[in-house]
Every structure is written in C-alpha cells, then in structure tokens.
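**Student:**
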Amino acid sequence: MSATSTEETSRSPRPRSRTKKVWMAIGAVVVVIMLAAVVTFGVVKHSVDTYRDPWIQKVADAGYEEKTARVNDVNFSYVEGPDNGPPLMLLHAQLMDWFDYSRVMPELAESYHVFVVDYQGHGETTYPDDYAMTADQIGTDLGAFMDQEIGEPAFVSGNSSGGLLTTWLAANRPDAVRAVALEDPPLFSSEYPEIQNTVAIKAFKSSYDVAMSDAGNEDFLMYWLEYNSAFFDKNVFPGSTAVITYFVTSYREANPGEPVELSFISDDTVRLLMRGLEEYDPRFGAAFYDGTWNEAFDHAEALQAITAPTLLIHANFSTTDDGLLDGAMDQEEADKAMSLLVDGTYARVDSEHVVHLDQPDQYVGLLNDFFLDGVK
1 MSATSTEETS RSPRPRSRTK KVWMAIGAVV VVIMLAAVVT FGVVKHSVDT
51 YRDPWIQKVA DAGYEEKTAR VNDVNFSYVE GPDNGPPLML LHAQLMDWFD
101 YSRVMPELAE SYHVFVVDYQ GHGETTYPDD YAMTADQIGT DLGAFMDQEI
151 GEPAFVSGNS SGGLLTTWLA ANRPDAVRAV ALEDPPLFSS EYPEIQNTVA
201 IKAFKSSYDV AMSDAGNEDF LMYWLEYNSA FFDKNVFPGS TAVITYFVTS
251 YREANPGEPV ELSFISDDTV RLLMRGLEEY DPRFGAAFYD GTWNEAFDHA
301 EALQAITAPT LLIHANFSTT DDGLLDGAMD QEEADKAMSL LVDGTYARVD
351 SEHVVHLDQP DQYVGLLNDF FLDGVK
C-alpha cells in the first residue's frame, strides 16, 4: 500500500468526528433553548398568577366600600363612594360587573356620591331561582333599591343593557331620577325583529343554549370561551382561546375564590369581561334571545315617557359583510331615539361600546358637563 493511500485511510474518520461534534453542539443549543423556554414560561405563569389589578387599590383609596342590601327578594351587591356631591348610580354593561367602572370611579367620587350596582344576573347580586329576567322586574327592584339606599332623586348612567335599565327607570320612576345618561344602549336593536340582524344575537344564543340545557351553567366563563372563540381571536390575538383557557385554570388554582385577572390581555374591556363572565347568569342573555326581557318594555314608548333631561352617548358601530349590526345602535336608531326624547342631548363619540373603559376621560367629561353644568 502506498504512503498516500495509508494517509487517506487514516484521515477518513475525521469528518465523522466533526459531524458528531456539530450534532452535540446543536443538541446543547436545543437544551439551552428548551431550558430558557421553561424558565420564561415559569416567569410568565408566575406573573399571571400573582397579578392584581392596580385599580382595586385605587378604588379603595378613593373611599369606596363594597356593600349589600336586601330589597324585596333581591340581595343587591353594590359599591358606594364617599358623599361628595349629588347621588349618581351607575349600571354596568351585560356580562360585566361593578368593577368595569373602576377606571372612572376615583374621579367621579370627587364630585358625586356614587353607587355602582351589580344588577340581577351579574356580579354577586343574588335572587330566587325563579326570578323573572325582564326589564320590568329588574327595573322595579332597582327603583326600590334607590328608594331604600339612596333616598333622593339621583343621576343615573347606564351602559349597554344598563342603559336600557336606565331608560326603564327614567320612564317608570321619574320620581327617582334627576337626569340620565344612556351610554351606548341597544335601543330598538335589542328588540325583535331587529335583534336578529345584530352580531350580539350569537352571544344571546350561547346564553340561551346554556340556560335551556344546564350545560356550562357551572362554569359559564369556560363555556363562553369555547363557543365564542372568534371574539377572542379578534380582540386578543388569533388562536388566543387555548392560551386564555390555560391561564384561567392556572389563575383559579393560584387564587381560589378570586375574580380572574389576566394581565396579558391588554384590552381593558376584554380583561374585565373575563371577570364578569365568572358570575354571569346565562338566563339574563337567554331572555334577550327569546324576547322575554323586553316584555312590557317597548323602547319607543319608554323614550317618549321620559321627562328628565337625557344624554344619549352613541359609540362606534359598523355593518358586517353579511349585513349584521356590530354595535349597539346604527345612526338611524340613534336618530329615532333622539326624535322621541322630550329633553334629549346627543353625543357622538369615537369609542368602543364601553365608553367609560375605552375613553374614560371623555366619559367623565360628558357626565360632568351634562349633570353638573347642564341640568338645572
């Protein structure tokens, strides 16, 4: 054998040795990446599990106290602020609870005596199992709450379904209200047949299905996550439902009995919706789906009956490709509402549906200008 061939033979294993070293290096990098991922995930999980909304403390520092009041067959859960001015009652949106006003409560407490109420179907307010989920019944009990706990005519501002209840109060309990602000209420659009042409009908259908079958009644938040994933894809990020579901479970395990607070959801409205869904009674939404919520409550007749000064706050809306209203009211419905009010003021705002979360400063400004400066 020649010297050359011997040299070539002795060198032949070297490429395999280099390949082995390369794969060992790649393996080491993969291990490091995996360890980093595990550590990062652990840090994120700890951050989510230990999160506490800073507005909880801000609301407490502003002098608010959580209370309950027995009125008729209802145990109302509500939050009351210091007596710094005329009484103001706030009624949250459907699927939410009193805390959705947290971003405006400290500032409002400077000028009003604020009462933020969890109305029936929401928060920690309780009532009999056979309680009628109608505007007429809920409104009647809210009026009785005002008589008992407020004791004098009050300003009232309600958002969404809370705006409908505010409309009911202004029409049926004129002795209890001084003036009202209707924050993007679904006037006419939540009545049949118009409700069938809205995006909201899907959420109402989800509530109806649960209420009729009892499926999901024990954990409506998880049920809503599963059946309304498109909402979270749009408002959090695509495919976010699985991530949210995991962290809801994790947060609950770390904080038993506490409302879910997911810090990684940047949209305040969506984040506070998670809290509201935990205590939500699907019979409330089911009543919108089957039409019973509006029994004895005709929106047009109610608006015509209101004599108190009324501010109608109208937020953004759009129409989907298949012709569904995505919003509380279109312009035609808002114009119709204004035409029926005896003493109405219209405010069109560039905002999402929950104005006091999306545009809190503007919301407070609108209320102060109307209630404190505009109402005689």
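Okay, so the sequence shown: first residue is 1 according to UniProt numbering, each after it adds one. Think of the CB as a built atom: it goes at the ideal place given N, C-alpha and C, for glycine as much as any other residue. These numbers were taken from a predicted model, which means no experiment stands behind them.
Which residue or residues does DSSP assign as beta-bridge partners of Ser77?
**Tutor:** DSSP lists Thr68 and Asp118 as the bridge partner or partners of Ser77.
**Student:** To the nearest angstrom, how far is the alpha carbon of Phe232 from that of Ser240?
**Tutor:** 6 Å
**Student:** May I ask you to report which of helix, strand or coil DSSP gives Phe145?
**Tutor:** helix
**Student:** The beta strand (DSSP E) spanning Arg173 covers which residue range?
**Tutor:** Segment: none, Arg173 is in no beta strand (DSSP E) and carries neither H nor E.
**Student:** Got a sec, what are the start and stop residues for the beta strand (DSSP E) Thr200 sits in?
**Tutor:** According to the sequence provided, residue 200 is Ala. The question's Thr does not apply to it. It is not in any beta strand (DSSP E) - Ala200 instead sits in the alpha helix (DSSP H) that spans Ala200 to Ser213.
**Student:** Can you check DSSP and say which residues form a bridge with Ile313?
**Tutor:** Glu183 and Ala347
**Student:** Quick one: is Thr19 buried, meaning 16 or more other Cβ sit within 10 Å of its Cβ, or exposed?
**Tutor:** Counting Cβ neighbours within 10 Å, Thr19 comes out exposed, since fewer than 16 surround it.
**Student:** Of the choices Gly63, Gly162, Val260 and Val114, whose alpha-carbon is the least far from that of Gln120?
**Tutor:** Gly162
**Student:** Would you be able to state if there are at least three C-beta pairs under 8 Å between the segment 354–363 and the segment 190–199?
**Tutor:** No: fewer than three Cβ pairs fall under 8 Å.
**Student:** Secondary structure at Gly63, three-state DSSP: helix, strand or coil?
**Tutor:** coil
**Student:** Please confirm whether Glu279 and Gly123 have their CB atoms less than 7 Å apart.
**Tutor:** yes
**Student:** Where does Phe288 sit, in a helix, a strand or coil, going by DSSP?
**Tutor:** helix
**Student:** Below 7 Å CB to CB, which residues in the same chain sit around Ala300 once its five sequence neighbours on both sides are set aside?
**Tutor:** Leu340
**Student:** Assign Glu261 to one of two classes, buried (16 or more other C-beta atoms within 10 Å of its C-beta) or exposed (fewer than that).
**Tutor:** Glu261 counts as buried, since no fewer than 16 other beta carbons sit within 10 angstroms of its beta carbon.
**Student:** Put Gly158 into one of helix, strand or coil per three-state DSSP.
**Tutor:** strand
**Student:** Inspect the beta-carbon positions of residue 388 and Ala144 and report whether they are closer than 7 Å.
**Tutor:** It is not possible to answer for residue 388, since the shown part of the chain is limited to 1 through 376.
**Student:** Which residues bound the alpha helix (DSSP H) around Pro86?
**Tutor:** For Pro86, no alpha helix (DSSP H) segment is defined, and its DSSP state is neither H nor E.
**Student:** Does the Cβ of Pro106 have 16 or more other Cβ atoms within 10 Å, making it buried, or fewer, making it exposed?
**Tutor:** buried
**Student:** For Asp184, does the count of other Cβ atoms within 10 angstroms reach 16, so buried, or fall short, so exposed?
**Tutor:** buried
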